[in-house]
Amino acid sequence: MPAAADPEWIRRAGTLGSGGELRLDPAHAGWDYSGLRVVVLQPRQPRTIHLDDCEGVVIPLSAQDIDVRVGDHTFVVQGRAGVFARVTDWVYAPVGSQVTMTSTTGGEVAIATAVAHREFPAAYVSA
């Protein structure tokens, strides 16, 4: 019996990225506005992403003690050991931002994105 085609919302493992980053942008997902990036931070190795025409929210998944630099602002985010460990701090990054993340322990960080046209100030929100 032939295999059924995957629904459009299913992505096979390995098809959304490589090199320590998963990326699902609106065009690839078939959505109009929202996207998701997940990056793996290596201990003490800065990782920079560019948001281009999107705004984003930096959400630690399994990374602790993260410095998040957005433009001229650096925010210290407590993070968490895993998504079920606790509620986490997060950082809002305006449209077009360059975001640099550094973690002493390493781990995964999600960046939820949305296409945006109006810029708001970068902000830190504690758990």
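Residue numbers -3 to 123, in my numbering, belong to the letters of the sequence shown in order. Don't be surprised by glycine CBs; every beta carbon is placed ideally from N, CA and C. The model shown is predicted, which means the values in this text are computed figures rather than measured ones.
If we call anything under 8 Å between Cβ atoms a contact, is residue i one with residue j?
i: Asp61; j: Ser99; result: yes
i: Leu47; j: Val95; result: yes
i: Arg40; j: Met97; result: no
i: Tyr120; j: Asp63; result: no
Grab me the residues of residue i's own chain with a C-beta within less than 6 Å of its C-beta, minus the 5 sequence neighbours each way, in chain order.
i: Ala106; result: Val34, Ile55 and Leu57
i: Gln74; result: Asp85
i: Ile125; result: Outside the shown range of the chain (-3 to 123) lies residue 125, about which nothing can therefore be said.
Once you ignore the five residues that flank residue i on each side, which residues in its own chain have a CB closer than 7 Å to its CB?
i: Ala89; result: Leu47, Glu51, Gly52, Val54, Val66, Val95 and Ala118
i: Phe116; result: Pro90
For residue i, I'd like the list of residues in its chain whose CB is within less than 8 Å of its CB, leaving aside the five on either flank, ordered along the chain.
i: Val79; result: Leu57 and Ser58
i: Tyr29; result: Pro22, Ala110 and Val111
Let me make sure I understand the geometry here. Which of the options has the alpha-carbon closest to that of residue i?
i: His113; options: Gly92, Gly103 and Gly102; result: Gly92
i: Ala108; options: Val87, Phe116 and Arg76; result: Val87
i: Gln38; options: Arg82, Glu115 and Gly103; result: Gly103
i: Ala23; options: Asp49, Glu17, Val83 and Asp68; result: Asp49
i: Ala77; options: Asp68, Thr101 and Ile45; result: Thr101
i: Gly16; options: Val36, Trp27 and Gly26; result: Val36
4 or more residues per run - each alpha helix (DSSP H) lying fully within the segment 62 to 120: Complete alpha helix (DSSP H) runs here, min 4: none at all.
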